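Asker: Structure incoming, see below.
Protein chains in written order, with this note's numbering: chain A, 2 to 283; chain B, -2 to 416.
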């Protein structure tokens, strides 16, 4: 009996060690690129070119950050990035939540077709849709404003689909209990469905935030003036045409871009965990 | 009633001059799209500022639009939606495509009227300027490939410090400079630019005289590939890894670290290389080595005016283009950026001549441009052919079961289809 128990503990310990080791490797793989950006952002140009590459700069220099900031109207781009992401998220939630609610709870004529259309939007790549959308906004004289950066993303097919699946997983008993208590549809959506789908909502928000925040192609194509341009364009402008690119400055600019994402992650990470614990859905 | 009159008068007195001033002297707004990031982008902005300060009736707004190909894509979308800028930088080989679509203004009447002599531009850089007898663009930020070598390493190996002059010399130099496992003699991205250079050096042209077939579907086209293959197999040429311009960066990085003694890369890298090599080793530059003759393609971008704007705006746009391509600006831009000076009068200017004494490596690039620059066909379908040649030469250099002869045949077929 005793021997058996200790063996159990032993194998458990082994499993824990293997687990920890695998975790450490995974973390290293994920952390390294960030570490590498940070390290190179503090090197001189010649150090970034050194071979074999050095893990750390000899003496960290912060001049690259100044050079990166000076190379673009940083505050303007930052403001634009924040405005575009915030507006997109607000629009998305105004559209996604009621749409997912309707698709999951109601049955109505043409529901299948509409859902197929939503999924179809999910499958079309940006490169296919940008020309007609550009022409549309050109005709509406809305290029060079926030509109073409926000409106095309106001309805996220991915978000609607994901949230619908999540809503459908909520036990009907809970919803019926709500109706019995005299709640209307809006109240059911806001006070039962949304809190229970907190984790899904956070995931959707996070994915939207990251894709919009990092997007280079769309804002570049849709805007011709600095006024409404976002950070990634300023960073891409640090790549030299026909010549040597100063990777150290580029990496410093990248740090400025990813810090908000990391911050959002660390905040949302806790929220997602909490949401999972309190959601009551297994 | 009197009160009202006074109020109206007062309003007129305060607002009137403003209204008047705005309507009479409102400067013409001109949009200029460019494709240069970093320090060169800042240089463009400062030149634009100088122009705006000197011309109060015009305001040019210069906006970065991504790299050359982003800019071209944006122009295409802008043409379709009628939102084009007045002026744009256009990567050399896309000029014919846009000219063919009829969206580029003919600059010839303006040049004639203002006595801007097109013969003052270096002929090798006018390869994409003429289309159907019209002048559709003027050279602006133009570059060429250049041969770079580590003078100290050549000296230590007992080789001529002027570098190799012929392909065979390049091979023997590379052999002598290679130290197995430590240093390669030579490195060069497998890129159409260097390949076409070698085709030109072999006495070839891109198209046959009738313009319908490949001009190198024979030994002229296969020899460069065999030359590369042999040097790679012998271990004296390093194939720099990486996609597109990443491989260029690797070649430069190896060169700066002394891991490679000789490379071919753009003149655009010259300043960066001189800067980073300072205090470490002496950099020499030379023509791309010859076979039958010297030869090099050119690259970079031109500046063009987009058509379809009101005459007043086109006139203002021309004024700006004239300014940017005028000799003093060409000298300033070339010295600061390292791009080729596009005008003969700029090259012969006292300022440029003394600059050459300071940076003799730069002079080599211009000599090569004068003596050895060859043209690529100015045709709307050339960009597609460019991509096909790139794919074919990369495949046949790496995949040994795909012979250079097969690649040449495929390129010839593409030319017959496209031209």
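All C-beta atoms, glycine included, are put in the ideal place defined by N, C-alpha and C.
A quick note: this is a predicted structure, and the numbers were derived from the prediction, not measured.
With distance defined between alpha-carbon atoms, name the residue in B:376, B:368, B:347, B:248 nearest to residue 98 of chain B.
Answerer: Cα-wise, what sits closest to residue 98 of chain B is B:376.
Asker: Can you tell me whether residue 234 of chain B is buried or exposed? The criterion is at least 16 other CB atoms within 10 Å of its CB, across all chains shown.
Answerer: Buried, because 16 or more other Cβ atoms sit within 10 Å of the Cβ of residue 234 of chain B.
Asker: Report the option in A:208, A:220, A:256 whose CA atom is closest to the CA atom of residue 1 of chain A.
Answerer: Lying outside 2 to 283, the shown extent of chain A, residue 1 of chain A is not represented and no answer is given.
Asker: So, is residue 211 of chain B buried or exposed, given that buried needs 16 or more other C-beta atoms within 10 angstroms?
Answerer: That one is buried.
Asker: Could you tell me whether the stretch 210 to 224 of chain B touches the stretch 265 to 278 of chain B, using the rule of 3 or more Cβ pairs below 8 Å?
Answerer: Flag = no, the stretch 210 to 224 of chain B and the stretch 265 to 278 of chain B do not touch.
Asker: Check the Cβ-Cβ distances between residue 282 of chain A and every residue of chain B, and say whether any is below 8 Å.
Answerer: A caution first: residue 282 of chain A carries a pLDDT of 47, below 50, which makes its placement in the model too unreliable to give a value.
Asker: Checking the sheet assignment: what are the DSSP bridge partners for residue 283 of chain B?
Answerer: B:144.
Asker: Short of 6 Å in beta carbon distance, which residues of its chain neighbour residue 264 of chain A, apart from the five on each side in sequence? Order them along the chain.
Answerer: Counting only Cβ-Cβ distances below 6 Å, and skipping sequence neighbours, we find nothing.
Asker: If you compare alpha carbons, which of A:250, A:144, A:104, A:195 is closest to residue 74 of chain B?
Answerer: Per the Cα distances, A:144.
Asker: Where do the N-terminal and C-terminal ends of the alpha helix (DSSP H) with residue 412 of chain B fall, by residue?
Answerer: Note, residue 412 of chain B: alpha helix (DSSP H), 401 to 415.
Asker: Check the Cβ-Cβ distances between residue 245 of chain A and every residue of chain B, and say whether any is below 8 Å.
Answerer: Residue 245 of chain A counts as touching chain B.
Asker: At a CB-CB cut-off below 8 Å, which residues of chain B make contact with residue 140 of chain A?
Answerer: Those within 8 Å of residue 140 of chain A in chain B are 78.
Asker: What do you reckon, are the CB atoms on residue 239 of chain A and residue 250 of chain A nearer than 8 Å?
Answerer: It is a contact, given that the beta carbons lie within the stated cut-off.
Asker: Which two residues bound the contiguous beta strand (DSSP E) that contains residue 31 of chain B?
Answerer: Unbroken beta strand (DSSP E) run through residue 31 of chain B: 25 to 31.
Asker: Return helix, strand or coil for residue 36 of chain B, following the three-state DSSP convention.
Answerer: The answer is helix: DSSP assigns residue 36 of chain B an H, G or I state.
Asker: Quick one: what's got a C-beta closer than 8 Å to residue 380 of chain B's C-beta in the same chain, skipping five residues either side?
Answerer: Closer than 8 Å at Cβ, skipping near neighbours: 90, 91, 94.
Asker: Anything in chain A within Cβ reach of residue 40 of chain B, meaning under 8 Å, just list it in chain order.
Answerer: Chain A residues near residue 40 of chain B: none, gap ~12 Å exceeds 8 Å.
Asker: Under the three-state reduction of DSSP, which class applies to residue 17 of chain A: helix, strand or coil?
Answerer: In the structure shown, residue 17 of chain A sits in a helix (DSSP, three-state: H, G or I).
Asker: Along the stretch 25 to 51 of chain A, where does the CB come closer than 8 Å to a CB of chain B? Name the residues.
Answerer: The stretch 25 to 51 of chain A vs chain B, Cβ under 8 Å: 46, 47, 50, 51.
Asker: Give a yes or no on whether 8 Å exceeds the smallest Cβ distance from residue 35 of chain B to chain A.
Answerer: Interface residue, yes.
Asker: List, in order along the chain, the chain D residues whose C-beta lies closer than 8 Å to that of residue 250 of chain B?
Answerer: In the structure shown, chain D does not exist; the protein chains are A and B.
Asker: Can you find a C-beta in chain B that's less than 8 Å from the C-beta of residue 238 of chain A?
Answerer: Taking Cβ atoms only, chain B reaches closer than 8 Å to residue 238 of chain A, which makes this a yes.
Asker: Strictly by DSSP, which residues pair up with residue 333 of chain B?
Answerer: Looking at the DSSP assignment, residue 333 of chain B forms no beta bridge with any residue, so it has no partner.
Asker: Would residue 286 of chain B and residue 82 of chain B qualify as a contact pair, given that the criterion is a beta-carbon distance under 8 Å?
Answerer: Going by C-beta atoms, residue 286 of chain B is not nearer than 8 Å to residue 82 of chain B.
Asker: With DSSP collapsed to three states, give me the class of residue 18 of chain B.
Answerer: Note that residue 18 of chain B scores a pLDDT of 45, beneath 50, so its modelled location is shaky; the value from the coordinates is reported in the next line. DSSP places residue 18 of chain B in helix when its eight states are reduced to three.
Asker: Which residues in chain B sit within 9 Å of residue 295 of chain A, going by Cβ to Cβ distance?
Answerer: Outside the displayed range of chain A (2 to 283) lies residue 295 of chain A, so it cannot be described from this structure.
Asker: Report all residues from its chain with a CB closer than 6 Å to the CB of residue 54 of chain A; omit the five preceding and five following residues, and keep chain order.
Answerer: Taken in chain order, the list of residues that qualify is empty.
Asker: By alpha-carbon positions, which one of A:248, A:220, A:32 ends up nearest to residue 62 of chain B?
Answerer: Cα-wise, what sits closest to residue 62 of chain B is A:220.
Asker: Evaluate residue 254 of chain A with the Cβ neighbour count: other Cβ atoms within 10 Å of its Cβ, from every protein chain shown; 16 or more gives buried, anything less gives exposed.
Answerer: When all chains shown are included, residue 254 of chain A counts as buried.
Asker: Going by Cα to Cα distance, which pick from B:180, B:46, B:221, B:193 is closest to residue 296 of chain B?
Answerer: Out of B:180, B:46, B:221, B:193, B:193 has the C-alpha closest to the C-alpha of residue 296 of chain B.
Asker: For residue 38 of chain A and residue 64 of chain A, I'd like the C-alpha separation in whole angstroms.
Answerer: Rounded to the nearest angstrom, the two C-alpha atoms are 15 Å apart.
Asker: Using the beta-carbon of each residue, which ones in chain A are nearer than 7 Å to residue 266 of chain B?
Answerer: Those are 244, 245, listed as they occur along chain A.
Asker: For residue 255 of chain B, which three-state DSSP category applies?
Answerer: Here residue 255 of chain B sits in coil by DSSP.
Asker: Less than 8 Å between the beta carbons of residue 119 of chain B and residue 341 of chain B, yes or no?
Answerer: Yes, they are a contact pair.
Asker: Could you check whether residue 82 of chain A and residue 257 of chain A sit closer than 8 Å to each other, using their CB atoms as the reference points?
Answerer: Not closer than 8 Å, so no.
Asker: I'd like to confirm the pairing. Which residues does DSSP put opposite residue 131 of chain B in its beta bridges?
Answerer: For residue 131 of chain B, which the question treats as bridged, DSSP gives the partners B:128.
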